[in-house]
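This report concerns only the one structure given below.
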């Protein structure tokens with residue numbers, strides 16, 4: 507805590523007033539990260555654009571946002587340094603919210619109901635892919651545009667497979 511106070515340029519007493527324990531401080535850091543990330547994610551939600559081209563653009567924007575390689579070590583360090591159960595509950599809530607944002611955005615682009623099975627399937631495909639993308643991106647032979655196109659094709663198939671002909 508002392509090192510954090512020095513790095514932040516505040517007194518140890520001031521830091522401990524706001525964060526009684528190391529876990530309180532780590533939880534505060536995670537809260538800040540999740541609020542900022544959720545705000546960025548909600549800005550990605552499409553408005554009225556529909557169709558495969560809009561889906562590819564949306565996926566590319568999401569993947570570009572996920573290309574921040576610092577996110578994974580940050581989250582890993584938080585979990586290692588803290589009471590894992592306490593922060594895992596917050597992460598589960600966050601991921602649930604992220605899933606909902608993805609589901610609504612995909613449904614809007616696909617022109618389908620956000621509660622449809624197709625929207626849920628598409629969000630279920632996108633969610634784990636996005637979470638792992640930042641970790642593996644440097645080792646891929648395919649750039650973001652290529653990956654976005656391939657993933658969008660799969661998502662579009664899921665979004666349109668249950669439509670009446």
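Numbering (this note's numbering), first residue to last: 507 to 671.
Yeah, the Cβ is synthetic: ideal placement off N, Cα and C, and Gly gets one too.
Distance between beta carbons of residue j and residue i, contact taken as under 8 Å
{"i": "residue 658", "j": "residue 579", "result": "That belief does not hold up - the Cβ atoms of residue 658 and residue 579 are roughly 28 Å apart, past 8 Å."}
{"i": "residue 569", "j": "residue 653", "result": "6 Å"}
Residue i (DSSP reduced to helix, strand or coil)
{"i": "residue 511", "result": "helix"}
{"i": "residue 559", "result": "helix"}
{"i": "residue 617", "result": "coil"}
{"i": "residue 652", "result": "helix"}
{"i": "residue 525", "result": "coil"}
{"i": "residue 646", "result": "coil"}
{"i": "residue 566", "result": "helix"}
Beta-carbon proximity check, residue i vs residue j, cutoff 8 Å
{"i": "residue 663", "j": "residue 616", "result": "no"}
{"i": "residue 525", "j": "residue 515", "result": "no"}
{"i": "residue 546", "j": "residue 571", "result": "yes"}
{"i": "residue 583", "j": "residue 608", "result": "no"}
{"i": "residue 655", "j": "residue 562", "result": "yes"}
Nonlocal neighbours in the same chain, by C-beta distance under 6 Å from residue i, ignoring five residues either side
{"i": "residue 511", "result": "518 and 521"}
Residue i CB to nearest heavy atom of the ligand SAM below 7 Å
{"i": "residue 625", "result": "Annotation note on the ligand SAM: not contained in the displayed structure, which lists no ligands."}
Neighbourhood of residue i by C-beta, 7 Å cutoff - its chain only, sequence neighbours within 5 removed
{"i": "residue 634", "result": "none"}
{"i": "residue 649", "result": "none"}
{"i": "residue 620", "result": "609, 610 and 613"}
Does the count of Cβ pairs from the region 586–597 and the region 626–640 closer than 8 Å reach three? Contact between the region 586–597 and the region 626–640 is absent: fewer than three C-beta pairs spanning the two stretches fall below 8 Å.
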